[in-house]
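Trainee: In this note's numbering, the protein residues as written are 3 to 101.
Every residue, glycine too, gets a C-beta built ideally from N, C-alpha and C.
#1: According to DSSP, residue 56 sits in a beta bridge with which residue or residues?
#2: If you draw a straight line from the C-alpha of residue 75 to the C-alpha of residue 11, how long is it?
#3: On a Cα-Cα basis, can you pick out the residue from 31, 56, 88 that is closest to residue 46?
#4: Using the C-alpha atoms, what's the distance from residue 96 back to residue 29?
#5: Count the other C-beta atoms from every protein chain shown that fall within 10 angstroms of the C-beta of residue 26, then say buried if there are 16 or more, exposed otherwise.
#6: Find out if the Cβ-Cβ distance for the pair residue 13, residue 38 is shorter than 9 angstroms.
Encoded structure:
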């Protein structure tokens with residue numbers, strides 16, 4: 003069984019709306035994503051209002067997301083790290099301006 007990623011290098015920012023909360027985070031090393039046939043190091047944890055969560059590859063140029071890669075991560079540990087990290091920049095206002 004493959005070991006799930008359960009650490010982050012940096013929580014880059016968060017966005018909170020009435021429908022979801024998201025955190026962009028970086029991993030220590032890039033992860034190869036088979037579906038995209040590329041390596042990525044930036045991901046988005048999406049936490050929906052019903053408390054379900056998923057992790058996606060982050061689009062570095064805007065707030066969009068792409069392939070779901072939850073299967074690579076221990077979601078509960080990543081969620082705990084992101085939600086308990088202090089002084090994470092809040093880009094909620096920027097998100098609303100762009101959307």
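Mentor: The short version:
#1: In the DSSP output, where bridge partners are listed per residue, residue 56 has 48.
#2: Cα-Cα distance, rounded: 14 angstroms.
#3: For the residues 31, 56, 88, the minimum Cα distance to residue 46 belongs to 56.
#4: Looking at the two C-alpha atoms, the distance is approximately 24 angstroms.
#5: Result: buried.
#6: No.
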